[in-house]
Each structure stands twice: as structure tokens, then as C-alpha cells.
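These notes concern the structure reproduced below.
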Amino acid sequence: MESAEWLERAGQIPGLDVRVGIANCGSEDEYMSAVKIFYDTIAGKAEEIEDHYDSGNLEYFTIKVHALKSAARLIGAVVISDIARNLEEAGKSGNLEFIKAETPHLLSLFRELKDDLDKLYHDTENVTETGRAIGDDLISKAYEELLGYTERMDYDGMENIMDNLEKFDFPDAEKERYEALKVAWLEMDYPQMISLLKGE
């Protein structure tokens, strides 16, 4: 399936504004990559938010909805992002009544989006071609450069490295770290990126 058809199908998903997402990501390819990362992490994000909500851990609840706000905004999930933003503000101000009223709504929309993306990816498992294998030497060099850019907060440099890495197939031994790195990049969690790149 061509990217254009994938984007057309994605545009039919309720609550997902593809045009906004592409504008936020800068290109169709970047958008498709961002949506895939978002999809791969939905279950974990929803579980974390629900766990902190159920346990009354307001500090970590606020941190998690902040991350969701940014990630959802990036892919054009505008309503989810707005609710997450409001919940973040409620968490900072201690507005428990609002949190109790809106968190179930957020989780419901979040999981509905996951169901819709499940269907999209079930039908389009082979949208992109398999990339070239990447060797250990190239991984080490790329991560060394990426670490430098991240420590200097050089966004353009980070983006260039991450874009190039997306073209490769990673060996099994490195896939977990690379996937975690992509999530941290999407969430703009630069301390986590540095930690992963240093192998901590």
C-alpha cells in the first residue's frame, strides 16, 4: 500500500487530524513515523496514567499527561492533547474534582484511538519497505553524534540523525534501545535520550 493510501485511511480515523499532524511533523514520512511510535506506546501510556490516577499519585500523573499532551499534539490528536493539557493544569493546581471527572474520558478516547490504529496497522503492515541492515560501527558512530547533539540541545542535529537512523533495520540486540530512543525523541524527553545513548 502506498503512503498516500495510508494517509487517506488515517484521515478517516475520528479524532486524528492528519493535516495538523503533518504540519507539526514537517513531512508525511515524519508524520507516519510519529504515528507508529505513538501507536506502539499507547497501551503503556494509558496504563501508566490509569495506575497513577488510581493510586492518587498526583505528581507522576501530571508528568504522564504532560507527555501525552505533547505526543498527541504532534500527531494531530487534538482533542486528546487538549484534554491532557487541561488535566496537566489540574494536576499542577490540585484540582482533584476535574481530574476525577475527565481522566476516564481521556482514557476512553485514548483507547478508542488505539483500536482505530489497530485496524489501520492490521491492514497496512507492509506500508514501508524493509530498510538496510545497520552495523555496530555505524550504530556507535551515530549514537555518539546524537549524544553530542542532545547534550547541546541541537534540535536540527538530533532530527537529522534520527531521520537517517529510520532508514535502517536494527539488529535484535539493539532494537529495544532504539525503540526506547524513538519514544524519548517523540516525547522530547532529552534526559532519557542521554541516558539511553550512554547505556545507563
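When you read off a place in the sequence shown, starting at 1, and then add 52, the result is the number in the numbering used here. Glycine included, each C-beta is placed from N, C-alpha and C at the ideal position.
Under the three-state DSSP convention, the category Phe90 falls into: In this structure, Phe90 counts as helix in the three-state DSSP scheme.
Under the three-state DSSP convention, the category Asp168 falls into: helix
Assigned secondary structure, Phe222 (DSSP; H/G/I helix, E/B strand, else coil): coil
Whole-number beta carbon distance between Ala123 and Leu238, since they are thought to touch under 8 Å: Contact annotation, Leu238 with Ala123: C-beta distance approximately 6 Å; criterion of less than 8 Å satisfied.
CA-to-CA distance, Leu165 to Val131, given in whole angstroms: Going from the Cα of Val131 to the Cα of Leu165 covers about 11 Å.
Exposure label - Ser104; buried when at least 16 CB within 10 Å: For the sequence presented, residue 104 should be read as His rather than Ser. Per the 10 Å Cβ criterion, buried.
9 Å Cβ cutoff met for Leu172 and Ala62: It is a contact, given that the beta carbons lie within the stated cut-off.
Check whether Gly73 and Ala129 have beta carbons under 9 Å apart: yes
Cβ distance (whole Å) where Ile186 is taken to contact Phe222 below 8 Å: 6 Å
Where the alpha helix (DSSP H) through Ser79 begins and ends: Unbroken run through Ser79: none, as it is neither H nor E.
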